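Colleague:
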Amino acid sequence: MSSPSSNSSSLCEFSINGRPRKSISPELEPAKHKTEMCKHYEMQKTCPFGSRCAFAHEPHELLTRDRPQKYKTVKCVQFHTSGFCVYGRRCHFIH
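Under UniProt numbering, the sequence shown has 54 at position 54, and the numbering climbs by one with no breaks.
1. Please state the DSSP three-state secondary structure of Lys75.
2. Could you pull the start and end residues of the alpha helix (DSSP H) that Gln69 belongs to?
3. Could you tell me which of His95, Ala56, Ser82 sits nearest to Lys34, measuring between CA atoms?
4. Return the CA-CA distance between Phe49 and Lys72, expressed in angstroms with no decimal places.
5. Starting from the C-beta of Val74, find all residues in its chain whose C-beta is less than 6 Å away, skip the five residues before and the five after it, and write them out in chain order.
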């Protein structure tokens, strides 16, 4: 590994466009583990992560997770004004 230059001392080699990457708190990871189907496996029946994949490869592997009390209790403004939401089924609001 190379050492950082003097003008980028606050950035690591894994920064994106000069901005540090967001790190995910380790305690949040298990909450999302195997709660969605793996897109790689759904499309190609193979996954580059194999058994280490955080997503489910088969429906019986899917786990449920607790949602906040107010989950999907308010309309999604984007969906109700344009008919489209970039978050799709992951959106926390009602479509």
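Cβ atoms here follow ideal geometry from the backbone N, Cα and C, with glycine treated the same way. From a predicted model like this one, the values you see are computed outputs, not experimental measurements.
Modeller: Once the coordinates are examined:
1. Start at 1 with the first residue of the sequence shown, and residue 75 comes out as number 75. Correct three-state label for Lys75: strand.
2. Reading the sequence shown from its first residue, position 69 is the one you call residue 69. Note, Gln69: premise wrong, no alpha helix (DSSP H); not H, not E.
3. Taking the first residue of the sequence shown as position 1, residue 34 is located at position 34. Per the Cα distances, Ala56.
4. Position 49 of the sequence shown, counted from the start, is the residue given in the question as residue 49. Position 72 of the sequence shown, counted from the start, is the residue given in the question as residue 72. Their backbone Cα atoms lie some 32 Å apart in a straight line.
5. Numbered from 1 along the sequence shown, position 74 holds the residue referred to as residue 74. Closer than 6 Å at Cβ, skipping near neighbours: Phe93.
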